[in-house]
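J.:
Numbering (UniProt numbering), first residue to last: 1 to 514.
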């Protein structure tokens, strides 16, 4: 069949269809030799016979396709934004700057200067955070002066457990060998015991080398190794003295006033002062808004009849509430503390040191205190994945496992214990968070949500009677009372929506190169 024959047949078929339409509308059929597509479609659409079917079907199809397209576009957009945001957050949380951008008066990145010279940064306190920060900044070529109240080895029952995530941060700072030769014990997990039952919790270490684990050691030996490492750098000065106050001029911190070993009052000046003098800090109030819980320990202390019969260490819980002060910065237990039940304090401190070191690396000039203060504000958002996850877990576990006569709290204990006893994804997910290996606030919220469902489900079995429904409601109420205030104190926006915080996007201020 030729092309002209096909066209004639098509015209014939269209004429028949056209005739039926005209007949239906009461119009007499007239012979039409040529029918074009557009006039034909216009006539069909204008007719009462085809208008409802064509238009409605077309609208429905366009609506479905349009909705599907919008949904696909939104999902793709959310995926791209999330991927970009997470990669940026990861990059910002652990920035890697080239050696050339690190300040060093000798032009190298090894910190092998001939002397301290003019101090760039004063560090108050040479505990875990202070000594680690001094070493990391010294390796970057900074001229650092450390003032510590007592350079003797600490002798206390605190800071003796380092989680796997903290050990990885220690390695990142170049201080991994500080756990050697101090009789550090390798810890691969924990076991919870309750009512004759046990729930083993192992750290998810399958993807790491064999030496990566939690470490338990004597705090004093570990701190002394950190101090020795910091003091080995020529551009780091470590001296004993008690800082009494901050040196302030026109609202800007210029240094510190301190007493040396002989009791003589001295002054030390530097463009930036980092305060990390521990949980008993006497400089905290001028640099943050402390939120210490009102619990007192006098009743326990008064019960001790013999001096030094029982060694104690009070547990302080304080959410970090920074008060931005040009020329000064606060980190460590002086800034933020959590209950010691998970042993996450040093992990948070070392993570903070890594973030602060990376933020300071691109800065060649620290003289503009106001610009530096505004830039370092991003630190408080970048630290949230690690700090808020460990803080929340530690404080929630402390409240849940504390002795209580409330039946709802007892149900919470049974729920948490049973959830961890399930093993697999459930226990490994929780242990990955409090060990610092997977510090993700969204994972934390997910596990608490699943745990709540698990607890209510256990109470409703085998049949949801009115009493069981009431117990389930009480469980959810008590869980909310425990969990939500802690989340609120950590900052909901910074925890779960860090990209919406303006301070997250701070860029290094431009200063003169030295």
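Just so it is clear, CB atoms sit at the ideal spot from N, CA and C, and this is done for glycine as well.
Please classify residue 36: does DSSP put it in a helix, a strand, or coil?
T.: Unreliable placement is indicated for residue 36, whose pLDDT of 43 sits below 50; the coordinate value is still reported in the next sentence. Looking at residue 36 - three-state DSSP - the assignment turns out to be coil, as it is neither helix nor strand.
J.: Can you look up residue 177 in the DSSP assignment and give me helix, strand or coil?
T.: helix
J.: Output the distance between the C-alpha atoms of residue 509 and residue 272, rounded to the nearest integer angstrom.
T.: 15 Å
J.: Spatial neighbours of residue 411 within its chain, please: CB distance less than 6 Å, with the 5 preceding and 5 following residues excluded, ordered by chain position.
T.: 475
J.: Hey, how far is the Cα of residue 498 from the Cα of residue 466?
T.: Their Cα atoms are separated by approximately 42 Å.
J.: Take every Cβ of the stretch 122-131, pair it with every Cβ of the stretch 321-337, and state whether three or more of those distances are shorter than 8 Å.
T.: yes
J.: Report the three-state DSSP secondary structure of residue 404 (helix, strand or coil).
T.: coil
J.: Measure the alpha-carbon distance for residue 257 versus residue 164 and round it to whole angstroms.
T.: 38 Å
J.: What is the C-beta distance between residue 378 and residue 359, in whole angstroms, given that I count them as a contact (C-beta under 8 Å)?
T.: Rounded to whole angstroms, the Cβ separation of residue 378 and residue 359 is 7 Å, and the two are in contact under 8 Å.
J.: Does the Cβ of residue 339 have 16 or more other Cβ atoms within 10 Å, making it buried, or fewer, making it exposed?
T.: buried
J.: Locate the beta strand (DSSP E) running through residue 145, then write down its first and last residues.
T.: Counting along the chain, residue 145 sits inside the beta strand (DSSP E) bounded by residues 144-148.
J.: Over what stretch of residues does the beta strand (DSSP E) that includes residue 241 continue unbroken?
T.: 236-249 is the extent of the beta strand (DSSP E) around residue 241.
J.: State buried or exposed for residue 186, treating a residue as buried only when at least 16 other CB atoms are found within 10 Å of its CB.
T.: exposed
J.: Specify whether the stretch 199-212 and the stretch 427-435 touch according to this definition: at least 3 beta carbon pairs, one from each stretch, less than 8 Å apart.
T.: Output reads yes: the stretch 427-435 touches the stretch 199-212.
J.: List in chain order: all unbroken alpha helix (DSSP H) runs of 4+ residues lying wholly within the stretch 331-391.
T.: Entirely contained in the stretch 331-391, the alpha helix (DSSP H) runs reaching 4 residues are, in chain order, 345-360, 369-376, 379-382.
J.: Can you tell which of 319, 261, 337, 119 has the C-alpha that lies nearest to the C-alpha of residue 277?
T.: When C-alpha distances from residue 277 are compared across 319, 261, 337, 119, the shortest belongs to 337.
J.: Taking the C-alpha atoms as reference points, what is the distance between residue 145 and residue 230?
T.: 10 Å
J.: Can you grab the Cα-Cα spacing for the pair residue 368 / residue 235, in whole Å?
T.: 22 Å
J.: Does the beta-carbon distance from residue 538 to residue 136 come in below 8 Å?
T.: Residue 538 cannot be examined here, being either before or after the span of the chain that is shown, 1 to 514.
J.: At the level of alpha carbons, what is the spacing between residue 468 and residue 408?
T.: Looking at the backbone, the Cα of residue 468 and that of residue 408 are separated by about 12 Å.
J.: For residue 104 and residue 118, what's the separation of their Cα atoms in angstroms?
T.: Reliability of the predicted coordinates at residue 104 is poor, the pLDDT of 38 falling under 50, and the value obtained from them is presented with this limitation in mind. Spanning the alpha carbons of residue 104 and residue 118 requires a straight line of approximately 12 Å.
J.: Check whether the Cβ atoms of residue 390 and residue 344 sit closer than 8 Å, and answer yes or no.
T.: yes
J.: Tell me the rounded alpha-carbon separation between residue 320 and residue 488.
T.: 12 Å
J.: Kindly give me the distance between the Cβ atoms of residue 147 and residue 243, rounded to whole angstroms, as I take these residues to be in contact under 8 Å.
T.: Indeed they touch by this definition, with Cβ atoms about 6 Å apart.
J.: Do you know offhand how far residue 394's Cα is from residue 199's?
T.: 18 Å
J.: Tell me residue 259's beta-bridge partners as DSSP assigns them.
T.: 242, 265
J.: Indicate whether residue 427 and residue 416 have their beta-carbon atoms separated by less than 8 Å.
T.: no
J.: In whole angstroms, give me the CA-to-CA distance for residue 183 and residue 355.
T.: 29 Å
J.: Across which residues does DSSP place residue 198 in a beta bridge pair?
T.: 193
J.: Nearest to residue 166 by alpha carbon, out of 221, 179, 155?
T.: 179
J.: Measure the C-alpha to C-alpha separation of residue 247 and residue 239 and round it to an integer number of angstroms.
T.: 18 Å
J.: Near residue 501, what residues of its chain come up, given a Cβ to Cβ distance below 8 Å and the 5 sequence neighbours on each side ignored?
T.: If we look at residue 501 and ignore the five residues flanking it on each side, its Cβ neighbours are 381, 493, 494.
J.: Taking its Cβ as the centre, do 16 or more other Cβ atoms sit within 10 Å of residue 250, making it buried, or is it exposed?
T.: Of the residues assessed, residue 250 falls on the exposed side of the cut-off, its CB having fewer than 16 other CB atoms within 10 angstroms.
J.: Strictly by DSSP, which residues pair up with residue 549?
T.: Shown here, the chain extends from 1 to 514; a query on residue 549 therefore has no answer.
J.: Where does residue 502 fall in DSSP's three states?
T.: helix
J.: Give the DSSP-derived three-state secondary structure of residue 185 in the structure shown.
T.: strand
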